[in-house]
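These notes concern the structure reproduced below.
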């Protein structure tokens, strides 16, 4: 199972665009509300999560996706289930993806040491040990990071490519009228 974590104050586009793309690609993705099933976004759009924290099965974890936004990123970082999921994903070499300010969480955990990564401008100093990329979306092995809301679709397509391959992601992007 791929888990996309939602915390109060999450950036809606950064969560919902990748979620939509991954589900279009036929991947099983569950949203997890870290504090409640109904999660208010940064722009007052509430989303009902698929799962509560106690319903997450870390043995079935295939990936972790963290949208950014403020204070969503801070709330994600404080969440025990997010920390446990990141630990499980790192231990199993599973996908770890974060966008906007959320890559800072990976930096604080030491998951970016020796890796290429990108984040929302101004958070680069929190990508501890990373080589900061100058691209909107950056992949280094099982770590995928992105700059922010404006590249949420590209982020979602890169996530789709991780599991389905570049050709399938390109086909999906074309069907969605993404200009390349």
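Numbering (the numbering used here), first residue to last: 330 to 509.
We put the beta carbon where it would ideally sit given N, CA and C, even for glycine.
Identify which residue in the options has its Cα closest to the Cα of residue i.
{"i": "residue 376", "options": "353, 351, 390 and 345", "result": "345"}
{"i": "residue 485", "options": "431, 336 and 352", "result": "352"}
{"i": "residue 372", "options": "401, 387, 395 and 390", "result": "401"}
{"i": "residue 338", "options": "407, 399 and 505", "result": "399"}
{"i": "residue 476", "options": "417, 383 and 396", "result": "396"}
What residues in its chain sit with their C-beta under 8 Å from that of residue i, if we drop five residues either side in the sequence?
{"i": "residue 367", "result": "375, 376, 377 and 378"}
{"i": "residue 415", "result": "393, 425, 434, 435, 438 and 440"}
Which residues in the same chain have their Cβ closer than 6 Å to the Cβ of residue i, if we skip the five residues on either side of it in sequence?
{"i": "residue 478", "result": "340, 342 and 343"}
{"i": "residue 442", "result": "458"}
{"i": "residue 490", "result": "498"}
Which of helix, strand or coil does DSSP assign to residue i?
{"i": "residue 359", "result": "strand"}
{"i": "residue 374", "result": "coil"}
{"i": "residue 393", "result": "strand"}
{"i": "residue 412", "result": "helix"}
{"i": "residue 400", "result": "coil"}
{"i": "residue 430", "result": "coil"}
{"i": "residue 449", "result": "coil"}
Under 8 Å by Cβ, that's how I've got residue i and residue j pegged, so tell me the actual separation to the nearest angstrom.
{"i": "residue 393", "j": "residue 425", "result": "5 Å"}
{"i": "residue 474", "j": "residue 446", "result": "4 Å"}
{"i": "residue 350", "j": "residue 391", "result": "Not quite, the Cβ-Cβ distance comes to about 16 Å (not below 8 Å), so this is no contact."}
{"i": "residue 387", "j": "residue 417", "result": "4 Å"}
For residue i versus residue j, is the C-beta spacing smaller than 8 Å?
{"i": "residue 410", "j": "residue 363", "result": "yes"}
{"i": "residue 481", "j": "residue 347", "result": "yes"}
{"i": "residue 444", "j": "residue 469", "result": "yes"}
{"i": "residue 359", "j": "residue 404", "result": "no"}
What does a CB cutoff of less than 7 Å around residue i pick up in its chain, not counting 5 residues either side in sequence?
{"i": "residue 471", "result": "422, 423, 424 and 425"}
{"i": "residue 381", "result": "362 and 366"}
{"i": "residue 455", "result": "433, 436 and 437"}
{"i": "residue 449", "result": "397, 429, 430, 476 and 477"}
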